[in-house]
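Right, one structure below, let's go through it.
There are 2 protein chains.
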Amino acid sequence: MRAALVVTGTEVLEGRVKDENGAMVAASLASAGVAVDRITVVGDGLDEIRSAVAEALGRGVDLVVTTGGLGPTHDDRTMEAVAAAAGVPLRLDEEALVMVRAAIATVPARASEDVREFGARKQATLPVGAVALPPPGTAPGAVLDAGQAVIVVLPGPPWECAASWRSASAVPQVAAVLGADGAAAPLELRLANVVESEFMEALMRRGSADDGLVVGVCARPGELEVTVRPPGGAADDFVSFLEREFPGAIFSRDGSTVEEVIGSALTARGEMLGTAESCTGGLIGARLTSMPGSSGWYAGGVVSYANEVKERALGVPADVLERHGAVSREVAEAMARGAQAHVGCDWAIAVTGVAGPGGGTAEKPVGLVYLAIAGPPGVEVRELRLHGDRERIRMRAATIALHLLRAALDA
Amino acid sequence: MRAALVVTGTEVLEGRVKDENGAMVAASLASAGVAVDRITVVGDGLDEIRSAVAEALGRGVDLVVTTGGLGPTHDDRTMEAVAAAAGVPLRLDEEALVMVRAAIATVPARASEDVREFGARKQATLPVGAVALPPPGTAPGAVLDAGQAVIVVLPGPPWECAASWRSASAVPQVAAVLGADGAAAPLELRLANVVESEFMEALMRRGSADDGLVVGVCARPGELEVTVRPPGGAADDFVSFLEREFPGAIFSRDGSTVEEVIGSALTARGEMLGTAESCTGGLIGARLTSMPGSSGWYAGGVVSYANEVKERALGVPADVLERHGAVSREVAEAMARGAQAHVGCDWAIAVTGVAGPGGGTAEKPVGLVYLAIAGPPGVEVRELRLHGDRERIRMRAATIALHLLRAALDA
Numbered sequence: 235m236r237a238a239l240v241v242t243g244t245e246v247l248e249g250r251v252k253d254e255n256g257a258m259v260a261a262s263l264a265s266a267g268v269a270v271d272r273i274t275v276v277g278d279g280l281d282e283i284r285s286a287v288a289e290a291l292g293r294g295v296d297l298v299v300t301t302g303g304l305g306p307t308h309d310d311r312t313m314e315a316v317a318a319a320a321g322v323p324l325r326l327d328e329e330a331l332v333m334v335r336a337a338i339a340t341v342p343a344r345a346s347e348d349v350r351e352f353g354a355r356k357q358a359t360l361p362v363g364a365v366a367l368p369p370p371g372t373a374p375g376a377v378l379d380a381g382q383a384v385i386v387v388l389p390g391p392p393w394e395c396a397a398s399w400r401s402a403s404a405v406p407q408v409a410a411v412l413g414a415d416g417a418a419a420p421l422e423l424r425l426a427n428v429v430e431s432e433f434m435e436a437l438m439r440r441g442s443a444d445d446g447l448v449v450g451v452c453a454r455p456g457e458l459e460v461t462v463r464p465p466g467g468a469a470d471d472f473v474s475f476l477e478r479e480f481p482g483a484i485f486s487r488d489g490s491t492v493e494e495v496i497g498s499a500l501t502a503r504g505e506m507l508g509t510a511e512s513c514t515g516g517l518i519g520a521r522l523t524s525m526p527g528s529s530g531w532y533a534g535g536v537v538s539y540a541n542e543v544k545e546r547a548l549g550v551p552a553d554v555l556e557r558h559g560a561v562s563r564e565v566a567e568a569m570a571r572g573a574q575a576h577v578g579c580d581w582a583i584a585v586t587g588v589a590g591p592g593g594g595t596a597e598k599p600v601g602l603v604y605l606a607i608a609g610p611p612g613v614e615v616r617e618l619r620l621h622g623d624r625e626r627i628r629m630r631a632a633t634i635a636l637h638l639l640r641a642a643l644d645a
Numbered sequence: 235m236r237a238a239l240v241v242t243g244t245e246v247l248e249g250r251v252k253d254e255n256g257a258m259v260a261a262s263l264a265s266a267g268v269a270v271d272r273i274t275v276v277g278d279g280l281d282e283i284r285s286a287v288a289e290a291l292g293r294g295v296d297l298v299v300t301t302g303g304l305g306p307t308h309d310d311r312t313m314e315a316v317a318a319a320a321g322v323p324l325r326l327d328e329e330a331l332v333m334v335r336a337a338i339a340t341v342p343a344r345a346s347e348d349v350r351e352f353g354a355r356k357q358a359t360l361p362v363g364a365v366a367l368p369p370p371g372t373a374p375g376a377v378l379d380a381g382q383a384v385i386v387v388l389p390g391p392p393w394e395c396a397a398s399w400r401s402a403s404a405v406p407q408v409a410a411v412l413g414a415d416g417a418a419a420p421l422e423l424r425l426a427n428v429v430e431s432e433f434m435e436a437l438m439r440r441g442s443a444d445d446g447l448v449v450g451v452c453a454r455p456g457e458l459e460v461t462v463r464p465p466g467g468a469a470d471d472f473v474s475f476l477e478r479e480f481p482g483a484i485f486s487r488d489g490s491t492v493e494e495v496i497g498s499a500l501t502a503r504g505e506m507l508g509t510a511e512s513c514t515g516g517l518i519g520a521r522l523t524s525m526p527g528s529s530g531w532y533a534g535g536v537v538s539y540a541n542e543v544k545e546r547a548l549g550v551p552a553d554v555l556e557r558h559g560a561v562s563r564e565v566a567e568a569m570a571r572g573a574q575a576h577v578g579c580d581w582a583i584a585v586t587g588v589a590g591p592g593g594g595t596a597e598k599p600v601g602l603v604y605l606a607i608a609g610p611p612g613v614e615v616r617e618l619r620l621h622g623d624r625e626r627i628r629m630r631a632a633t634i635a636l637h638l639l640r641a642a643l644d645a
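Written as structure tokens, this is what we have:
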């Protein structure tokens, strides 16, 4: 089964918004073993959307998913475009109208009754033959069986899009596509501390195995993501090969993230984690607390951006700061121990570094970062010298710190 | 001038990575007044990339920008695909080879000499006639003048892509496209606390003005982004109209973010900010510290996820926690005052709430959030009842808190 995604929104074409919906639907399709042949991002214009949907139908895909352009305003024209591409007219769907009116009634009435009713009728106007999806916001999505392909029309705001996609997945025509080859989902591995060139060299050493495996590699800051398809015996042999080549590097075999692995390990141990962040400024805390249930294993932390906060909230001695500087092995260790004591936790991650673009010196250049992990076995400190811009240095420091903790929990 | 973007990468089609490069290049083109007609995301296959580039050329655009697929491995085929689409052969570029070898020499040698040289030659093989760009990592991008259009080929890792795009922008053929209609960049407004339906009603009240303006609206959590083009007299009249309709709502007229506006206001006042975050877990600190130079106005904060941390690190009295619960007006206020005292700052933002999916009760449902802003004039507390999933509630609480502070700094 093959699918195509059409993401609409001039704000995406102008780079003001990063598309999240395409990635969300694509990941869901991939996990069901449905291949996405193309994601097309177009503007809000009727003809742009219509031609992108028509091209996807022309490529013979089984499923077309559109996102965005379902709002109450004049520039929301996706339903019209989908109807045109599928060659059916539009009509006011009375059932959809009831759902939209009910949804609008729960929103504080800041627009007049007339405007609200106008918007309701606009949002309930669907291609003939389409099934309306319950609106998570005020715009209903729709599923249209267009003969050779099924077209799913989803709203643009990411949480509405995700909720509508869940509803759409239960509609029989969509479920049929998703269920058709569920066994084809790839094996998804994550490796820590392996760079792409090493991985490539390992592949070359292995030689061509004639095992029919397709191996995909994607480098992320501090991690390597490897997909192997089809799953099964040959893929398992390949995993064993990687285990020998890169001992301890594979930390996930089911797509679970480092945050999830850490959460499970801490839960199993009945221990709590805290953070002391300087240059990452809260990124690690934000990543950990994005996990539902993280309050069971994450106590909290201190963002000690200023030196006074390192002293006051973490108890880093003033003379250690003075003697070694805020970006030092000694301060990283004192921050981690301070988090254990002041936050009150079994394990602590501390990060201090120069994220740039300013603040670097010859001795302590931009990219110099010290990480410390404190736990029941003691404290471990690591020096990093990272490249790239401010965001890359921060993201990478956060990822490497999480992996250092993961390895310590695993030990 | 019109451009098309072709993003390559099976990992994007499978939803394992959200594309950042398309958005980065699109934003840069938009600010230069170059319209992007389409962003096409395709997999790593030679023919997929070739046909997407060929289709873009066929649409008659002036510029095609590709990202990704320049690595040393067998599945990196973008140069080959671009050459095929442009109808030119490939050749080993000796100048590029020198640059790639030099770049590889700075990377720790974990692969063998043979593998490294193989990869260097692969990465230095470019379409005939292409100008190699200096490699920020090890892969050089390229600029190819294909007659009617210029093709820019950029590497995939986001920081390499951004650096190569800056290099490419200085190449005369690309600079000519970017400089052709620089005056056409739209006016970009940001409004706080206005929802799309209110905005639409205001537009209807205004009626059709025959002023030739094209107004685009994009709703983001807690903000509305409005673009008006072309800029100039009519656009300025439109801004005056919005100021009368939504007094105080426009907080940015040059695309600057709420974080930037806060940083400027604090710098002008010579005052410092701190944070006390519970359900947002560090998101606000991470957003503030993503700004270069934020150490000049952000002292740090406490992520007080557990109640013990609220008591211990922020001095929230145990009896206040017991009497009112962690998610309460009183605890939000005590957290903000505690941040002022314990972090040591003039202003403090505090957030406590139920982000879900668990932890909600009839009295305190998922989405109930209390914000407090403490500053020299006193403390202000706000109750929010937010909808959506965990990430949406967290993001939205963070954005609304930042706007509450911005308004307080503005008062």
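Just so you know, the protein sequences line up as chains A and B, in that order.
According to our numbering, the first sequence holds residues 235 to 645 in order.
According to our numbering, the second sequence holds residues 235 to 645 in order.
Backbone N, C-alpha and C fix where the C-beta goes; we use that ideal spot for every residue, glycine too.
Residues of the segment 265 to 278 of chain A with a C-beta less than 9 Å from any C-beta of chain B: Ser265, Ala269, Val270, Asp271, Arg272, Ile273, Thr274, Val275, Val276, Gly277, Asp278, listed in chain order. Under the DSSP assignment, Gly497/A falls in the alpha helix (DSSP H) whose first and last residues are 492 to 503. For Ser398/B, the three-state secondary structure derived from DSSP is helix. Per the Cβ contact rule, the segment 576 to 589 of chain B is in contact with the segment 497 to 510 of chain B (3 or more Cβ pairs under 8 Å).
Thr461/A sits in a strand when the DSSP states are folded into three classes. Cβ contact annotation for Ser398/B (same chain, cutoff 7 Å, sequence separation greater than five): Leu367, Pro370, Gly375, Leu388, Pro389, in chain order. The beta carbon of Pro391/A sits closer than 8 Å to the beta carbons of Gly371 from its chain, once the five residues preceding and following it are set aside; these are given in chain order. In this structure, DSSP gives Trp393/A a helical state, which the three-state scheme calls helix. The alpha-carbon separation between Met569/B and Gly530/A amounts to approximately 21 Å. For Glu282/B, the closest alpha carbon among the candidates Val322/B, Gly305/B, Pro323/B, Leu247/B is that of Leu247/B. From the beta-carbon of Pro389/A, no residue of chain B is found nearer than 8 Å; the closest lies around 11 Å away. At a cut-off of 9 Å between beta-carbon atoms, Leu517/A makes contact with chain B. Shown here for Ala317/B: same chain residues with a beta carbon closer than 6 Å to its own, the five before and five after excluded, namely Leu324, Pro361 in chain order. Residue contact check for Val537/A against chain B: a CB pair falls below 9 Å.
Along the segment 435 to 461 of chain B, the positions whose C-beta sits under 9 Å from a C-beta of chain A are Glu435, Leu437, Met438, Val449, Gly450, Val451, Cys452, Ala453, Arg454, Pro455, Glu459, Thr461, read in chain order.
Linking Gly622/A to Phe485/A through their CA atoms gives a straight-line distance of about 25 Å. Under the 9 Å criterion on CB atoms, His637/A is classed as non-interfacial with respect to chain B.
Residues of the segment 471 to 484 of chain A that bring their beta carbon within less than 7 Å of a beta carbon in chain B are absent altogether.
A Cβ-Cβ distance of about 5 Å is found for the pair Asp278/B and Thr244/B, placing them in contact under the 8 Å criterion. Straight-line spacing of the CA atoms in Gly489/B and Arg521/B works out to 16 Å.
Secondary structure note for Ala584/B: its beta strand (DSSP E) is the uninterrupted segment 581 to 587. For the segment 369 to 401 of chain A, the set of positions with a beta-carbon nearer than 9 Å to some beta-carbon of chain B reads Pro370, Gly371, Thr372, Gly390, Pro391, Pro392, Trp393, Glu394, Ala396, Ala397 in chain order.
Counting only residues of its own chain and dropping the five nearest sequence neighbours on each side, Ile627/A has a CB closer than 6 Å to the CB of Ala589, Gly601, Leu620. Going by beta carbons, Pro455/B and Pro526/A fall outside the 9 Å limit. Per DSSP, the unbroken alpha helix (DSSP H) holding Glu329/B starts and ends at 328 to 339.
Every alpha helix (DSSP H) stretch that sits fully inside the segment 545 to 569 of chain B and reaches 4 residues is listed by chain position as 552 to 558. The residues Leu280, Ile283, Arg284, in chain order, have a CB closer than 6 Å to that of Ala315/B in the same chain once the five nearest residues on each side in sequence are set aside.
In the three-state reduction of the DSSP assignment, Val577/A falls in the helix class. Exposure of Arg400/B is indicated by the presence of fewer than 16 other C-beta atoms within 10 angstroms of its C-beta. Legend: CB atoms of the segment 555 to 589 of chain B lying less than 9 Å from CB atoms of chain A belong to residues His576, Val577, Gly578, Cys579, Ala589. Trp393/A and Ile338/A have their C-alpha atoms spaced approximately 17 Å apart. Counted as a single uninterrupted DSSP element, the stretch harbouring Ser346/B is not any beta strand (DSSP E), since DSSP gives it neither H nor E.
The beta carbon of Arg311/A does not come within 9 Å of any beta carbon belonging to chain B, so the residue lies off that interface. For Cys513/A, no pairing in a beta bridge is given by DSSP. Per DSSP, the continuous beta strand (DSSP E) segment holding Val448/B begins and ends at 448 to 454. Gly622/B reaches chain A at Trp393, counting residues in chain order whose Cβ is nearer than 7 Å.
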